[in-house]
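Some notes on the structure that comes next.
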Amino acid sequence: MYIFKRLITMLVTIWVIASLTFFIMKIIPGDPFASDADVLPEEVLQNIRAKYNLDEPIPVQYALYMKDLATFDLGISIESESRTVNGIIWDGAPASALLGTQAMVIALVFGLLLGIVAALNHNKMLDYFSMFIAIVGISVPSFILAPLLINYFAVDWQLLPVASWGTWQHSILPSVALAATPLAVIARFMRSSMLEVMNQNYIKTADAKGLPTTKLVIRHGIRNAILPVVSFIGPLFVALITGTFVIEKIFAIPGIGRYFVDSIFNRDYPVIMGTTIFFSSILVLTLFLIDISYRFIDPRIKLTSGGD
Amino acid sequence: MEPNQVDDSLFRPLSAERKQSDPIQRPSMSVWKETTINVLKNKMAVLGFSLLLLIIIFAIFGPKMVAFSPSAQSLTDTNLAPSSEHWFGTDDLGRDVWSRTWYGARVSLTIGLVAAAIDILLGVTIGGISGYMAGRGKTGDRVDGVLMRIVEILYGIPYLLVVILLMVIMEPGITSIIIALSVTGWVGMARIIRGQVLQLKSQEYVLAAEKLGTSHPKIIWRHLIPNTAGIIIVNLTFTIPQAIFAESFLSFLGLGVQAPFASWGTMANDSLGVILSGQWWRLFFPGFMISLTMFAFNAFGDGLQDALDPRARK
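Residue numbers (our numbering), protein chains in the order written: chain A, 33 to 340; chain B, 3 to 316.
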């Protein structure tokens with residue numbers, strides 16, 4: 033029952049996001065045909081506008097868009113007239129999703145490891161070393177890290193290929209560049225949270241009872257400390273798998289990251305709406321799954337007043 | 003007499019010596035005074051705070067210490083290495099990098115600090131209320147539901163559209179960037195604090211406070227939020243550079259601080275090509291300042307966290 037209710041709420045949320053985006057997009061000035069206006073005769077422009085329903089009043093345009101959306105038809109791109117928006121998303125999503133998932137795995141594995149090691153060695157060399165890496169990771173943005181990685185690993189040392197996409201070797205450098213900042217943040221969250229948990233009485237009790245350290249850290253420490261990381265990775269995961277403008281541009285990856293930015297600058301209305309709906313659908317679903325996962329991590333958590 | 007009734011005659015005043023049995027060990031002092039003393043004892047916190055102060059002082063006076071304006075171009079002095087005349091060298095248009103670095107500090111620090119303030123004011127408050135109300139009857143569930151849907155909606159609407167909308171309504175420039183960051187910047191903090199409060203509120207001290215009649219806002223602010231201080235500080239050290247980089251990304255797209263004005267983000271962005279051409283100082287100084295600021299915030303934050311957490315005290 034809870035899940036059914038949430039599914040309805042999720043659809044309403046996506047509808048609200050889509051509607052707000054639609055009207056904001058129509059309020060801001062700009063014309064997708066600005067560059068064609070000098071070349072094409074007025075009648076031709078009018079016909080093109082009519083094709084995209086742009087000659088109708090905005091409320092009518094909205095109604096027509098929502099009618100198509102109900103059948104999952106996201107329309108045709110204005111910028112590249114031969115492509116449907118559904119097609120653009122289908123073609124680009126796999127590359128973006130693969131890159132994002134790899135970056136996520138790298139960030140989680142190494143971030144958690146660094147954070148836990150730092151917390152267990154509080155104020156010792158390993159702690160300072162981990163936090164040094166974390167500060168560097170946070171303060172070097174991906175648009176600086178990516179060219180550096182290319183310069184050393186691909187140009188100077190010729191270890192990895194770049195500027196193409198296809199084999200798994202091509203995906204290593206962009207994944208690392210994408211993972212660096214989240215890795216550092218996860219490490220810091222985990223360290224801070226672990227430090228707090230390892231000070232609790234139940235840890236001292238378990239330790240005094242002679243529980244082996246690995247079991248103590250994994251069963252009692254990590255499980256109680258991981259919640260902030262879980263809250264953090266929800267939106268992060270969505271942002272990573274739906275494509276990133278900078279990394280995809282630098283590494284020439286055929287993902288969908290660039291459409292989020294380019295469509296807005298070109299006023300490519302159907303693509304703006306399509307990418308927004310795609311992004312927010314994954315977003316609300318992921319945040320819902322994160323909410324559910326809270327209960328499995330910490331059974332004391334009560335999300336609703338109903339039984340469940 | 004009813005079994006549950008307690009008669010006044012059952013109470014007797016304490017004897018004189020038992021009144022003395024619990025002497026107060028330390029002189030009483032206010033929370034602020036105690037925190038200040040603890041922060042001052044922490045070397046890393048003092049270092050971080052001094053660095054921040056130093057960066058702010060240079061941001062105010064730095065550009066005036068040299069004869070070069072941050073936007074003055076000199077086509078005969080392009081790409082000069084650091085020297086006694088141009089302390090940080092010059093860029094491809096012959097502008098003084100020292101002057102631009104400190105001028106850029108003003109823009110970048112303002113954006114970072116405003117982002118941090120919004121994170122605390124809106125993010126922590128909304129996350130705290132949402133997490134506390136979840137599971138508290140029908141009204142509570144509804145409050146949590148509505149707040150979290152607002153968060154989702156703000157996440158979902160394309161950020162660039164909001165920025166462009168604001169630029170249309172207002173003048174393009176730093177104010178619009180700051181407002182755009184304020185609209186959406188706090189939602190990450192809200193989700194994280196909500197998660198923390200959901201976990202913390204099942205603790206016995208919360209139940210105790212509630213049964214003793216403490217009001218809900220007081221439980222949230224005095225009992226729950228202070229226990230999330232560590233996570234708040236960690237998240238702030240992420241929000242601040244993120245806001246500084248968001249500005250540089252907007253500038254890169256032509257929506258941020260406009261040339262000839264400078265910010266650390268735009269300076270780093272403009273000088274990406276130097277990795278290949280060798281004028282390292284153009285990327286190094288703004289990049290180093292961002293890292294130094296982050297280090298200062300982190301060191302100060304960690305020290306502050308230790309000072310605020312009574313369990314970490316020796």
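Quick reminder that beta carbons are idealized off the backbone N, C-alpha and C, glycines included.
Assignment of I60(A) by DSSP, reduced to helix, strand and coil, places it in the coil class. In the structure shown, the three-state DSSP call for I108(A) is strand. For D87(A), the nearest beta carbon of chain B is not closer than 7 angstroms to its own beta carbon.
In the DSSP secondary-structure assignment, T186(B) is not bridged to any residue. Shown here is that no member of the stretch 235-258 of chain A has a Cβ falling below 8 angstroms from a Cβ of chain B. Secondary structure at D100(A): helix, using DSSP grouped into helix, strand and coil. In this structure, A245(B) sits near G114(B), with a CB-CB distance shorter than 7 angstroms. Of the other Cβ atoms in all chains shown, 16 or more fall within 10 Å of the Cβ of S132(B); this residue is therefore buried. Secondary structure at T92(B): strand, using DSSP grouped into helix, strand and coil. Using a CB distance below 7 angstroms, the part of the stretch 312-331 of chain A facing chain B consists of S312, L315, V316, L319, Y326, D330, ordered along the chain. Identification of chain B residues near G266(A) by a Cβ-Cβ cut-off of 8 angstroms yields R193, ordered along the chain. Rounded to whole angstroms, S52(B) and R251(A) show a C-alpha spacing of 41 angstroms. Among the residues of chain B, those whose CB is under 7 angstroms from the CB of K334(A) are G137, following chain order.
Shortest Cα-Cα distance from E249(B) to any of S30(B), T241(B), T268(B), T239(B) involves T268(B). In this structure, the alpha-carbon of V33(B) lies about 56 angstroms from that of M98(A).
By the 16-neighbour rule on beta-carbons within 10 angstroms, M136(A) is buried. For F65(A), the closest Cβ of chain B is not nearer than 7 angstroms. Residue nearest to A298(B) within the set D123(A), D68(A), F164(A), L77(A) is F164(A) (criterion: CA-CA distance).
Contact check for F161(A) against F221(A) fails: the beta carbons are separated by 7 angstroms or more. Under the 7 angstroms criterion on CB atoms, V236(B) is classed as interfacial with respect to chain A.
Annotated as distal: S225(A) and P267(A), with beta-carbon spacing of 7 angstroms or more.
Per the C-alpha coordinates, the member of P331(A), P302(A), V270(A) positioned closest to D105(A) is P302(A). D239(A) is not bridged by DSSP to any residue. Boundaries for P15(B): no alpha helix (DSSP H) harbours it, and the DSSP string shows neither H nor E there. Counting the other CB atoms within 10 Å of its CB gives Y157(B) a total of 16 or more, which places it among the buried residues. For Y105(B), the enclosing alpha helix (DSSP H) starts and ends at 99-120.
With respect to the 7 angstroms criterion, L215(A) and F142(A) are classified as neighbours on the basis of their beta carbons. With a threshold of 7 angstroms between beta carbons, R299(A) makes no contact with chain B.
Contact between the stretch 311-323 of chain A and the stretch 38-51 of chain A is present: three or more C-beta pairs spanning the two stretches fall below 8 angstroms. Listed in chain order, the positions of the stretch 166-180 of chain B with a beta carbon within less than 8 angstroms of a beta carbon of chain A are I166, L167, V170. Of all C-beta pairs linking the stretch 174-186 of chain B to the stretch 108-128 of chain B, three or more are shorter than 8 angstroms, placing the two stretches in contact.
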